[in-house]
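Worksheet for the structure shown next.
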Amino acid sequence: MKINKFIKLILFPVIFLTGNIAFAQLNNPVICKIYGSVYLEQDPKKADFKVYLESSEAFADLIVFIQNNRLYADKAGLWYLTESPNIADFRIYITESKKNADFTICYTKTESFAGCPR
Numbered sequence: 125m126k127i128n129k130f131i132k133l134i135l136f137p138v139i140f141l142t143g144n145i146a147f148a149q150l151n152n153p154v155i156c157k158i159y160g161s162v163y164l165e166q167d168p169k170k171a172d173f174k175v176y177l178e179s180s181e182a183f184a185d186l187i188v189f190i191q192n193n194r195l196y197a198d199k200a201g202l203w204y205l206t207e208s209p210n211i212a213d214f215r216i217y218i219t220e221s222k223k224n225a226d227f228t229i230c231y232t233k234t235e236s237f238a239g240c241p242r
């Protein structure tokens with residue numbers, strides 16, 4: 125009984141105050157492991173993940189840098205966009221509604237900024 129009170133009084137505010145980024149990464153740890161060749165799917169039913177494109181890096185669950193060479197897309201957030209779904213490591217559908225997304229991304233122009241923000 126006392127343990128439940130502890131969880132409600134102490135842990136809930138800690139989890140709540142850490143924000144959406146930590147919550148999304150905690151619920152779906154795969155977010156920080158998405159790298160390699162990515163196909164932008166047109167059909168949400170065929171996609172591995174539905175993502176929402178954030179305008180700011182501060183609110184994104186994953187910061188993405190687009191590589192020109194597939195071999196260099198070897199760390200979290202480094203993506204090589206492929207035109208063939210057959211050779212893609214992941215299929216991503218970009219949704220216009222944040223509430224329908226599994227997580228959020230933001231594109232960056234600097235390779236060293238790519239990855240999970242926390």
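Here my numbering = 1-based position in the sequence shown + 124. Quick reminder that beta carbons are idealized off the backbone N, C-alpha and C, glycines included.
*Closest residue to A225 among K174, Y163 and K169 (Cα-Cα distance)*: K174
*Rounded to a whole number of angstroms, what is the C-alpha to C-alpha distance between Y159 and A171?*
15 Å
*Pair within 7 Å by beta-carbon distance, V162 and F214*: yes
*Rounded to whole angstroms, what's the CA-CA distance from D167 to I218? Just pull it up for me.*
10 Å
*Name, in chain order, the residues that DSSP records as bridge partners for S161.*
Y204
*State the Cα-Cα distance for the pair K233 and I190, rounded to the nearest angstrom.*
8 Å
*DSSP on C230, reduced to helix/strand/coil?*
strand
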